[in-house]
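Engineer: Following my numbering, the numbering of the sequence shown begins with 61 at its first residue and continues without gaps.
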Amino acid sequence: MKTVLADFHVHTLLSPCAEVEMTPHHIVLRAAEYGIGAVAITDHNAGGNVLAALRAAERYDVHVFPGMEAESAEEAHIVVLFDTLKQLRRWQSFVDGHMSGLKNRPEVFGPQYAVDEEDEFLYEEERLLHAPLDLGAEAIVAKANELGGLALAAHIDRPSYSLVGQLGFIDPAMGLAAAELSAAGWRQKKQDDALLRRLAGGLPYISDSDAHNIYDFVEGPKNLLTVEELTVTELRKALAGEDGRSCRPGHFAVPL
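Below, the structure written as structure tokens:
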């Protein structure tokens, strides 16, 4: 077994709301510097910076999960994680067919940049990424599971862009693997396990940074993950507490 700090929700500068400092290489570099052993790159409705993160991670002892933060028709955010770039590309093709068709307005929403592993500019994404798909949350989770991925209900304690905020509840039969607390929510509610379990609809709960800048990434909450190997299958077991695996929220790279 191995035990690592893991953050399953991190944005790069491809997300319009992220700072330009959030390049794949910079994220992986800081992860290695602060002992964060696993990171998921999860931009809004896009995975264009995942390859750069995977290539950058080859220089460091950091595992990168290819991922995405998808926005459902209900305007709820769902984080999906995969093992391979091939799986993510199949997922991206699926997502592309259900996007809004709106164009980004960089002066309003922020620019959306894709870069390589050396932080060199590749292209600016013209589609508005931070917009709902024409798919319900249930369909998003079902497709992620079908492709061998894992789905997490994002920042369930927030009044907007969460399943709880938009629908009022989490259906435990939807196929989600866990529910995520925001950084602020974790700090406010960490002592109330019963409340967190109710918010999560009976699902396991985790704590991620949902970082849009390096400060939040380094100082935001992580999970102490114990698994045989860093794969989606092992992560699913850890979330369920099976076979000696575990995923314990509320751990930090920087002591509070």
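From the three backbone atoms N, C-alpha and C, an ideal C-beta is built for every residue, glycine too.
Hey, Pro-219 and Glu-135: beta-carbon distance below 8 Å or not?
Structural biologist: Position 159 of the sequence shown holds residue 219. Position 75 of the sequence shown holds residue 135. Contact: no.
Engineer: In chain order, which beta strand (DSSP E) runs of at least 3 residues are fully inside the region 238-299?
Structural biologist: 238-241, 265-267, 282-287, all fully within the region 238-299.
Engineer: Pick out the complete beta strand (DSSP E) segments inside the region 110-170, 3 residues or longer, and give them in chain order.
Structural biologist: Runs found: 123-131, 137-141.
Engineer: Have a look at the DSSP bridge pairing and note the partners of His-311.
Structural biologist: Stepping through the sequence shown from its first residue, residue 311 is reached at position 251. The partner list for His-311 (beta bridge, DSSP) reads Lys-282.
Engineer: Quick check: the region 301-310 against the region 150-158, are there 3 or more CB pairs under 8 Å?
Structural biologist: Counting Cβ pairs under 8 Å, fewer than three are found: no touch.
Engineer: Closest to Val-88 by CA distance: which of Ala-66, Ser-75, Thr-293 is it?
Structural biologist: As a first step, residue 88 is located in the sequence shown; it is residue number 28 there, counting from the start. Checking every option, the nearest Cα to that of Val-88 belongs to Ala-66.
Engineer: Pick helix, strand or coil for His-69, following the three-state DSSP scheme.
Structural biologist: The count along the sequence shown starts at 1 and reaches residue 69 at position 9. Correct three-state label for His-69: strand.
Engineer: Considering only the beta carbon of each residue, do Ile-101 and Pro-76 sit closer than 8 Å?
Structural biologist: As a working mapping, residue 101 is identified with position 41 in the sequence shown. As a working mapping, residue 76 is identified with position 16 in the sequence shown. It is not a contact, given that the beta carbons lie outside the stated cut-off.
Engineer: Using 8 Å as the cut-off, can you tell me whether the region 194-205 makes contact with the region 170-182, which would need three or more C-beta pairs spanning the two stretches below that distance?
Structural biologist: Touching, no.
Engineer: Is it true that the CB of Leu-223 sits closer than 8 Å to the CB of Ala-213?
Structural biologist: Locating residue 213 in the sequence shown gives position 153, where the first residue counts as 1. Locating residue 223 in the sequence shown gives position 163, where the first residue counts as 1. Against a cut-off of 8 Å, the Cβ pair of Leu-223 and Ala-213 comes out as a contact.
Engineer: Helix, strand or coil for Glu-93 per DSSP?
Structural biologist: If you number the sequence shown from 1, residue 93 lands on position 33. Three-state DSSP puts Glu-93 in a helix.
Engineer: Between Gly-95, Ala-133, Asn-105, which has its C-alpha nearest Tyr-120's C-alpha?
Structural biologist: By one-based count along the sequence shown, residue 120 stands at place 60. Checking every option, the nearest Cα to that of Tyr-120 belongs to Gly-95.
Engineer: Does the beta-carbon of Val-99 have 16 or more other beta-carbons within 10 angstroms, so that it is buried, or is it exposed?
Structural biologist: Counting from one through the sequence shown, the residue named residue 99 turns up at place 39. Result: buried.
Engineer: Contact defined as beta carbons within less than 8 Å: I believe Ala-271 pairs with Thr-286. What is the distance between those atoms, to the nearest angstrom?
Structural biologist: Position 211 of the sequence shown, counting from 1, holds the residue named residue 271. Position 226 of the sequence shown, counting from 1, holds the residue named residue 286. Their Cβ separation, rounded to whole angstroms, is 23 Å, which puts Ala-271 and Thr-286 out of contact at 8 Å.
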